[in-house]
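Since the structure comes first, as structure tokens, the remarks are kept for the end.
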């Protein structure tokens, strides 16, 4: 089942937005202006409504810069480091994230969708 | 407060069962009764709801509205309207004070689908949301003294402006107790009118056959300023607040002290500055047997010569924490029109030595005394002079 409609509805409800404004490519923080308490609510709502276990750090790509700093320190390729941390994201998407990072928070709605599809309850949260 | 600054009201915003615009409210007050209905939760009980309330009709995007009770949303809508009515901008609001009288959330519960359900329980959540939305960062207080709360909030705002803690302050409150939980709580406390033929005849303040109150809801917020500040910016002035008081019965947790000592003291302290000349009393007038009996005695002792005693709960129900601010909003509209409505449903007054309004008062009083006496023996009064 495609979780996008449910995620879209959760975002619209929590951020008080028209669902028509939300596409898979919409930036959750950069464009929709989600704040930390909104992310908390989005995580709990996804867990509740989609029946998945949620790890906020993974779901909201909170540690991207930490992972990249560590990779740089350890001489690990950035792309590989991110792919390893976020296996549910496709390689092209990870590359996009790397390219997009200087412009601000990279999290898009499709990343939430990918998480919901790639992390069923049994495996989520490592 | 010797040497204190004069404090004026330069704007009001309200969302009430009778409307959100002055003309609508005044027009509704000309009808014989308020828009009471039987509660769906309990048809034995009368309620007076705000029809078709939608926070979004009053504010723009408000994602934190999810943490607000209906009463808090009504308060927020009223505040936004008050700021607009007073013509206050970011320069005035930045250091403004914020004083709100609010009630509990009787529907709050731990939830699996909401991370911060804790915020549902906290009455100051709306204070924070309002401060963010309006850019208010000054002195503040969120007051929870039951039915005295918003009157006390207005009093504290008055003191803050009078003593120079703030040049501008918003003050008022909001409440809604129409939920099944609230209806049940009030009914079990034995304070609601029941056994009526028609819901508009349920609440009959100061009538010999009164038997309790009807539940209302709404919000009302006022912009207070020191007179110099209001004049400097050319603000329109609606009224001046001249006195405020509060007291505690220290007796029953629900009913008033039968002797009304502390409540009477609060009234007297307000009257010291306000005086009794051309006075209209905005009585608490819940329509419960005990409140009106005790309040009637206080009125007879202190203000028998008033030009009128109004009881707005007969027209909008009891707004709990927001009753005082809502009744002041109605009174300022009536003062502006020199027309106060009769107490609805008052057929046989419980005593004959009081100037209870049985017919409309077609004069503009020089003084208004707002009385609010709440659960816990919480009493608060406010002395106001309509601006002329």
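Residue numbers (my numbering), protein chains in the order written: chain A, 1 to 126; chain B, 127 to 514.
Backbone N, C-alpha and C define an ideal beta-carbon position, used for all residues, glycine too.
These numbers were taken from a predicted model, which means no experiment stands behind them.
Span separating the alpha-carbon of residue 341 of chain B from that of residue 330 of chain B: 13 Å
Which of helix, strand or coil DSSP assigns to residue 369 of chain B: strand
DSSP bridge partner residues for residue 351 of chain B (one or two, in chain order): B/134 and B/294
Any C-beta of chain B under 9 Å from that of residue 91 of chain A: no
Residue 233 of chain B, DSSP secondary structure in three states: In the structure shown, residue 233 of chain B sits in coil (DSSP, three-state: anything other than H, G, I, E or B).
C-beta neighbour in chain B for residue 37 of chain A, strict 9 Å: yes
Chain-ordered chain B contacts of residue 99 of chain A [CB-CB under 7 Å]: Ordered by position in chain B, no residue passes the 7 Å Cβ test against residue 99 of chain A, which lies about 30 Å from the chain.
Residue-chain proximity (residue 45 of chain A, chain B), Cβ-Cβ < 9 Å: yes
is_contact[residue 329 of chain B, chain A] using C-beta, thresh 9 Å: no
Interfacial residues, the stretch 240 to 251 of chain B to chain A, with Cβ spacing under 8 Å: 240, 241 and 242
Residue(s) in a DSSP beta bridge with residue 164 of chain B: Residue 164 of chain B is bridged to B/172.
Residue 449 of chain B at chain A interface by Cβ criterion, 9 Å: no
Residue 123 of chain A versus residue 53 of chain A - alpha carbon distance: At residue 123 of chain A the pLDDT is 48, less than 50, meaning the model places this residue with poor confidence; the figure from the coordinates comes in the next sentence. Those two C-alpha atoms are separated by around 8 Å.
Short CB-CB distance (under 9 Å) between residue 112 of chain A and chain B: no
Coil, strand or helix - residue 475 of chain B by DSSP: strand
Per-residue burial, residue 66 of chain A [other beta carbons within 10 Å of its own, 16 or more giving buried]: exposed
Validate contact between the stretch 164 to 177 of chain B and the stretch 304 to 324 of chain B using beta carbons, cut 8 Å, 3 pairs: Cβ pair count under 8 Å is three or more, so yes.
Contact list for residue 189 of chain B against chain A, beta-carbon separation under 7 Å: Listed along chain A are 14, 15, 16 and 38, each with a C-beta nearer than 7 Å to that of residue 189 of chain B.
Complete alpha helix (DSSP H) runs within the stretch 268 to 345 of chain B (minimum length 4 residues, chain order): 275 to 288 and 306 to 315
Own chain residues within Cβ distance below 6 Å of residue 284 of chain B, not counting five before or after: 133, 367 and 370
Neighbour list for residue 41 of chain A in chain B, Cβ cutoff strictly below 7 Å: 240, 241 and 242
Segment contact flag, the stretch 173 to 187 of chain B with the stretch 264 to 281 of chain B, C-beta cutoff 8 Å, min 3 pairs: no
Cross-chain neighbours of residue 192 of chain B in chain A, by beta carbon under 9 Å: 13, 14, 16 and 41
Beta strand (DSSP E) runs wholly inside the stretch 400 to 440 of chain B, at least 3 long, in chain order: 405 to 408 and 434 to 436
Pairwise C-alpha distance: residue 481 of chain B and residue 388 of chain B: 23 Å
Beta carbon of residue 37 of chain A nearer than 9 Å to that of residue 28 of chain A: no
Sequence-distant residues of its chain with Cβ nearer than 7 Å to residue 158 of chain B (five each side left out): 470
Coarse secondary structure for residue 512 of chain B, derived from DSSP in three states: strand
Interface flag, residue 30 of chain A vs chain B, CB-CB below 9 Å: Chain B contact via Cβ: absent.
DSSP three-state assignment for residue 110 of chain A, whether helix, strand or coil: Helix, per DSSP.
Within-9 Å CB hit, residue 70 of chain A to chain B: no
Burial state of residue 439 of chain B (16 or more Cβ within 10 Å): buried
Alpha-carbon spacing of residue 63 of chain A relative to residue 57 of chain A, whole angstroms: Straight-line Cα distance between these residues: approximately 6 Å.
Alpha carbon of residue 33 of chain A to alpha carbon of residue 207 of chain B, nearest angstrom: 26 Å
Range covered by the beta strand (DSSP E) that runs through residue 241 of chain B: No beta strand (DSSP E) holds residue 241 of chain B; DSSP gives it neither H nor E.
Cβ-based burial, residue 46 of chain A [other Cβ within 10 Å; buried from 16]: buried
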